Amino acid sequence: MKLVKLLSILMLLIAVSAAELTADRDRFEVELHPGEVTKRTLILENLGDAPIFEITSIPVAGRAKELITMEIPKFEKLGPESEDIYDDEEIKVDITFSSPPEMDPGTYTGFVYFFDDTSSLPLLVEFEVELTEQESYGVSLSINDASSASATADPDEPAEFELMVRNAGLFKDVISVDAPHLPPRWTATLFDREMPMNLPCNLTLASGVIRVLELNIVGGRAGDRQTIEISATSLSDPSKNASVEAEIEINQEIRAYEAVLELPDLMVVNRTHTGSIKIKLNVDEKISVRIEAPPDLLVMPQNQVIAVGKTKSGVGEFTLMATRPGRFTIELVLHDSYGIPLPTERAEVFATDTTKFAIVTGDGLLYRALALSYAEGVNDTVPVITLTGGELDEGDIEELEDLPLAKVVILGNESVVPPDVEKLIEEMMPTERIGGDDICETSWLFASILWPENTEEVVLTGTDEVVAFAAYEKAKKISAPLIICSSPPSETSVAALKDMMDRGLSKVLIFGGGIDQALIEALKDAGLSIEEAT
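Here the sequence shown stands for residues 1 to 534, where the numbers follow the numbering used here.
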């Protein structure tokens, strides 16, 4: 009995290897309006090493069975793709999608199995038909007859897709096709009958008309993988749009060795920066790294051994800090586990001495107004970064790492900028927190510490956000500190006020209401003139 089973399995394996039925796609996603008809083509091929003489299919199954009909053409032999001794090398199956006018809108799914005359496994093709009511304007977009598609390509060679753009509205329209978030070093080009068209491109289409375009995407480095969005938007009604995704993987280059050294474009003296080396090798190996640099460039490796594999690259990171301005050469001396040297990697870094800083504060309007009154009114080189939900997002972290900053000023107490955010920034560069018990103390401290000498006037407003917003515009316009305070000054505020008066402060401009009269009297008693802001 065991021998019979073994022979059966062996015969099945032989049959599978003899002929192999495949299709150019395994899924169709189609959008229709009630009463509409459209056609698609499925290409069947034989990737085996023996011919196929017959192809059959089951009826379409699922909710979409009433919407789909197909016809398999007659043929004599479907030969292997690699040989030309047979009459046919591919079979084109015409598939018709149609919707009765009375059919309810919705999503209808289905599937079909194709069989050849061998004992190989059946070939599955899936369908998804979206029935929608036709509106004045509308856009339908598919890639390889679906909402997403994937492809691989060699470096500097295009990944090719078929893009189908359809005017799904009642009226003639101009539809704009674009790749809005194309990664750096990646390019996308459309071809209409071999004529290239740069993105974004505008297509003028009558109602129901379909334009089939070839989409070529060329990637960056070998080994990169990206998912790229392609969008189509009605210019008559931009709310009518559609998008698809193309996933592209760039094949690895056939190289015995490759190293990519990543260093900061610009370093700041006495601030730590991160560098890395990425090594690709066509064997499983452990690479030792020794870093050589001049005394004024301090370098500390995170790991001295980098593990690489046949298909896996290895990354080693290190921390750098320059103790003086200048241009420095850094060398990474590499050896494999047998002590055999690999090419030494060399690069230059440039360090500068700077006093530039950034301000990080909460996302509340009052604290943003304080920070921006300085950044826009006094020092336009200062970037202001506001937290999102009490946290720094990835884009803000990258900005802080990339900018040539000597430090970060945190505006607000720990309830405004949490301690874990401060700790995260401290790992990148020095920080200084300016924050009192409330917005009033913080305003006076911020003005006292950052505003230049001989600042003669301040703009004082209450804590109403609408009024404070207008006061911020006034303060920015006259380059004066913005003080947001509605209660009598605390000891901390009085000390900051006295410091500013010692450096030239003589006038307070009152903007709006909501300010405690006791505060105004205290400012008068301190010797400041009080005026209404105009």
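Glycine is no exception: its CB is placed at the ideal position from the N, C-alpha and C atoms. Quantities reported herein were computed from a predicted structural model and do not represent experimental measurements.
Near Glu532, which residues of its chain fall below 7 Å by C-beta distance, leaving aside the five closest residues on each side in sequence?
Only Ile510 meet the Cβ criterion.
Q) Going by Cα to Cα distance, which pick from Leu131, Gly110, Lys172 and Glu76 is closest to Ser99? A) Out of Leu131, Gly110, Lys172 and Glu76, Leu131 has the C-alpha closest to the C-alpha of Ser99.
- Query: Hey, quick one: how far does the beta strand (DSSP E) through Glu531 stretch, first residue to last?
  - Reply: For Glu531, the uninterrupted beta strand (DSSP E) segment begins and ends at Ser529 to Glu532.
Distance between Gly436 and Asp516 (C-alpha atoms, nearest Å):
Looking at the two C-alpha atoms, the distance is approximately 19 Å.
* Asked: When burial is assigned at 16 or more other CB atoms within 10 Å of the CB, is Asp525 buried or exposed?
  -> With fewer than 16 Cβ atoms within 10 Å of its Cβ, Asp525 is classed as exposed.
Exercise. How many Å lie between Gly364 and Ile439 at the Cα?
Worked result: C-alpha separation (whole angstroms): 11 Å.
When we look at the beta-carbon of Met500 and count the other beta-carbons within 10 Å, is it buried (16 or more) or exposed?
With 16 or more Cβ atoms within 10 Å of its Cβ, Met500 is classed as buried.
### Expected contact under 8 Å - CB spacing of Ala67 and Leu44 to nearest Å
At residue 67 the sequence reads Leu, which differs from the Ala that was named. 21 Å between Cβ atoms; not a contact.
Under 8 Å, do Thr354 and Val268 count as touching if we go by C-beta distance?
Between Thr354 and Val268, the C-beta spacing is below 8 Å.
*Within 8 Å, strictly: CB atoms of Ala242 and Ile217*: With contacts defined by Cβ atoms closer than 8 Å, Ala242 and Ile217 do not form a contacting pair.
Could you give the C-beta distance for Glu249 and Glu214, rounded to a whole number, given that I count them as a contact under 8 Å? Between Glu214 and Glu249 the Cβ distance is about 19 Å, and since that is not below 8 Å, they are no contact.
Pull up the CB-CB distance for Gly110 and Arg63, whole angstroms please, since I reckon it's below 8 Å.
Yes, they are in contact, since the Cβ atoms of Gly110 and Arg63 sit about 6 Å apart, within 8 Å.
task = Just mark Gly339 as buried or exposed, buried being the case when its beta carbon has 16 or more other beta carbons within 10 Å.
result = That one is exposed.
Exercise. Can the beta-carbon of Ser529 be found less than 8 Å from the beta-carbon of Lys507?
Worked result: For Ser529 and Lys507, yes; Cβs fall inside 8 Å.
Practice problem: Just grab the DSSP bridge partners of Asp178 for me. | Solution: Answer is Ser231.
What does a CB cutoff of less than 6 Å around Asp24 pick up in its chain, not counting 5 residues either side in sequence?
-> Exclusion of the five residues before and after Asp24 leaves Ile43 as the residues of its chain whose Cβ lies within less than 6 Å of its Cβ.
*Which value, in whole angstroms, describes the spacing of the CA atoms of Ile55 and Thr274?*
Rounded to the nearest angstrom, the two C-alpha atoms are 60 Å apart.
Pick out whichever of Gly527, Leu370 and Trp444 has its Cα sitting closest to the Cα of Ala470. Residue Leu370 is the option with its Cα nearest to Ala470.
request  = Over the uninterrupted beta strand (DSSP E) stretch that includes Arg327, give me the two end residues.
outcome  = Residues Gly326 to His335.
_Can you tell me whether His181 is buried or exposed? The criterion is at least 16 other CB atoms within 10 Å of its CB, across all chains shown._
Within a 10 Å sphere around the beta-carbon of His181 sit fewer than 16 other beta-carbons, which makes this residue exposed.
In terms of residues, what are the limits of the beta strand (DSSP E) holding Met70? Run containing Met70: Ile68 to Glu71, per the beta strand (DSSP E) assignment.
(request) Using alpha carbons as the reference points, say which of Lys74, Asn413 and Ile397 lies closest to Leu424. (result) If we check each option's Cα against that of Leu424, Ile397 comes out closest.
| said: Only counting the same chain, and skipping five residues up and downstream in sequence, which positions put a Cβ closer than 8 Å to that of Glu345? | reply: Excluding sequence positions up to five before and after Glu345, its CB lies within less than 8 Å of the CB of Ala259, Leu261, Ile277, Glu331, Leu332 and Leu334, all in the same chain and listed in chain order.
Assign Glu414 to one of two classes, buried (16 or more other C-beta atoms within 10 Å of its C-beta) or exposed (fewer than that). The Cβ neighbour count for Glu414, taken over all protein chains shown within 10 Å, is under 16; the residue is labelled exposed.
Segment limits, alpha helix (DSSP H) that includes Leu578:
No statement about residue 578 is possible, as the shown extent of the chain runs from 1 to 534 and does not include it.
Answer yes or no: do Ser148 and Thr233 have a C-beta to C-beta separation smaller than 8 Å?
The beta carbons of Ser148 and Thr233 sit no closer together than 8 Å.
Under the DSSP definition of a beta bridge, which residues are partnered with Gln226? According to DSSP, which records beta bridges pairwise, Gln226 is partnered with Ile248.
### Query
Which of the three DSSP states, helix, strand or coil, is assigned to Leu10?
Reliability fails at Leu10, whose pLDDT of 42 lies under 50, so the model's placement of it is uncertain and no value is given.
**Study point:** Among Leu366, Gly219 and Arg27, nearest to Gly462 - alpha-carbon criterion
**Key:** Closest option to Gly462, Cα to Cα, is Leu366.
Ala542 versus Glu394: straight-line alpha-carbon distance, rounded:
Outside the shown range of the chain, which is 1 to 534, sits residue 542, and nothing can be said about it.
For Glu535, name the three-state secondary structure that DSSP assigns. Outside the shown range of the chain, which is 1 to 534, sits residue 535, and nothing can be said about it.
Open item on the list: Considering only the alpha carbon of each residue, which of Gln302, Ala322, Ser487 and Thr69 lies closest to Pro404?
Closed with: A check of alpha carbon separations from Pro404 across Gln302, Ala322, Ser487 and Thr69 identifies Ala322 as the nearest.
Quiz item: Could you give the distance in angstroms between the alpha-carbon of Glu126 and the alpha-carbon of Pro59?
Solution: Near 12 Å, if we compare the C-alpha coordinates of Pro59 and Glu126.
Exercise. On a CA-only basis, which of Lys65, Ala61 and Asn46 is nearest Pro80? Give me that one, please.
Key: The option with the nearest alpha carbon to Pro80 is Asn46.
* Identify, in the order they occur along the chain, each residue of the same chain with its Cβ nearer than 7 Å to the Cβ of Ser140, setting aside the five sequence neighbours on each side. => For Ser140, where only same-chain residues beyond five positions count, the Cβ hits under 7 Å are Glu31, Arg166, Ala168 and Ala242.
Worksheet item: Hey, Ile449 and Thr442 are a contact pair by Cβ (cut 8 Å); roughly how many whole angstroms apart?
Response: Ile449 to Thr442, Cβ: 11 Å. No contact.
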